[in-house]
Every structure is written in structure tokens, then in C-alpha cells.
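In terms of the working numbering, the sequence shown opens at residue 429 and continues consecutively.
Let me begin by presenting the structure, written as C-alpha cells, before commenting on it.
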Amino acid sequence: MDWHELLADVEAQAESWAERDRQLVAADQARLERRSIAANQRFAGSLHALISCTMRSGERLDGHVEAVGANWALLTDPHSHNESIIALEQVVTVRGMAQHARAISASPIVASLDLMWVLQRISRERSRVRCYVLDGVGLSGVIDQVGADYVVVNGDVQQLVMGASIVSITRL
């Protein structure tokens, strides 16, 4: 092998290594970008998609994603058209979700509206709801009060429900 061939071979090897490095960097960058995506952004990327959520309570909720907030999503049942707000921290698995993500809202104020804010709005409407909690119990009534980390559901009896135990709220 003459030196020209040797140098051409070395150059080809170096180019091959450089291409491999570019591919590894691109793969690492894609993994890092995925790590920065929050679940609520995946829900937002699935707006209008029909999904099925298994909740920590064992409850399964199917519905079209209609809205997404900081820690909640609004689903509409495809058959009954009932609306349910789910607490994202209570979701165990989701089927049918889109592969892409998107920002919840262009407005940082809207994007920061949490479940307790939504429950405050529902309380003002005086809508009858069924509030499902972690143990699978569903409490029916009107949300009378919303505190920093609790709600009071007034049904057959008045009950204080800790916000962290709320799995979903369904409009009756």
C-alpha cells in the first residue's frame, strides 16, 4: 500500500469516526430533550385524542383530552359525554397518547393554573360533582369550599377531602 492509499484510508476512518460521533451526540441530545418533557406537555400534545387512563384508585377513565393545566387534564367520555377532571399525579398508565408534546399554553399564567384553581371555579358554579378519591370511594355533592390543599364536598354529609387524595372530579 502506498502512502496515498494509506492516507486515504486514514482519512476515511477519521470521517467514519466523526460521523459516528455526530450520530451519538444527536442521540444524546434527543434523549436529553425527552427528559425535559413533563407529562402535562404530553397530555397537551394529545388534545382531542381518545385516551384511556388507569388511575391509582384502580379506576379507568376513557375520554377525549379537552384541556390541560399544570397538574390536571379535562377528559370527555366518548359515550356519555360526561366531563371529568383528572389529577395527573394520580395517573398510573395512559394508552392512546400522541407521541409528541406541546406547551400547555403560550401564557405562563394559564399554564400555572392548578387543580385547586379549577376546583375553585367549579365551586363557584355550584355544579353537582362526583369526587373520586384514592381509596376508590366516590363522594357526590357540591364543592362548598376550596382551601389551599383541601375541598369540602357537601352531599348527604359534608366531608373535607384532601386535595392530594383527589383522583378525579366528574360533573353530574
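Ideal Cβ placement from N, Cα and C applies to all residues, glycine included.
On a predicted model such as this, the values are computed, not experimentally measured, just so you know.
Determine the direct distance from the alpha carbon of Ala-495 to that of Leu-502, and round the result to whole angstroms. 5 Å
Check whether the segment 441-449 touches the segment 482-501, taking contact to mean three or more Cβ pairs, one atom from each stretch, closer than 8 Å. In short, these stretches do not touch, since the Cβ pair count stays below three.
Which class does His-528 belong to by DSSP, given the choice of helix, strand or coil? coil
Given this structure, state the Cα-to-Cα distance separating Asn-582 from Gly-569, to the nearest angstrom. 5 Å
Using alpha carbons as the reference points, say which of Ser-540, Asp-490 and Arg-558 lies closest to Val-580. Put simply, of Ser-540, Asp-490 and Arg-558 the residue whose alpha carbon is nearest the alpha carbon of Val-580 is Arg-558.
Does the Cβ of Thr-598 have 16 or more other Cβ atoms within 10 Å, making it buried, or fewer, making it exposed? buried
With a threshold of 16 other CB atoms inside 10 Å of the CB of Ile-479, please say whether the residue is buried or exposed. buried
Taking the straight line between their C-alpha atoms, what separation do you get for Val-589 and Leu-567? Near 9 Å, if we compare the C-alpha coordinates of Leu-567 and Val-589.
Anticipated Cβ contact below 8 Å, Asp-563 with Ser-485, distance rounded: 7 Å
Alpha carbons only, please: which of Ala-440, Ala-436, Leu-475 and Ala-454 is nearest the one belonging to Ser-533? With distances taken between Cα atoms, Ser-533 lies closest to Leu-475.
Start-to-end residues for the alpha helix (DSSP H) that takes in Gln-518: Run containing Gln-518: none; DSSP gives neither H nor E here.
Please list the terminal residues of the continuous beta strand (DSSP E) segment that includes Glu-494. 488-496
Ignore the nearest five residues each way along the sequence and tell me which others in Glu-487's own chain have a CB closer than 8 Å to its CB. Tyr-560, Gly-564, Val-595 and Ser-596
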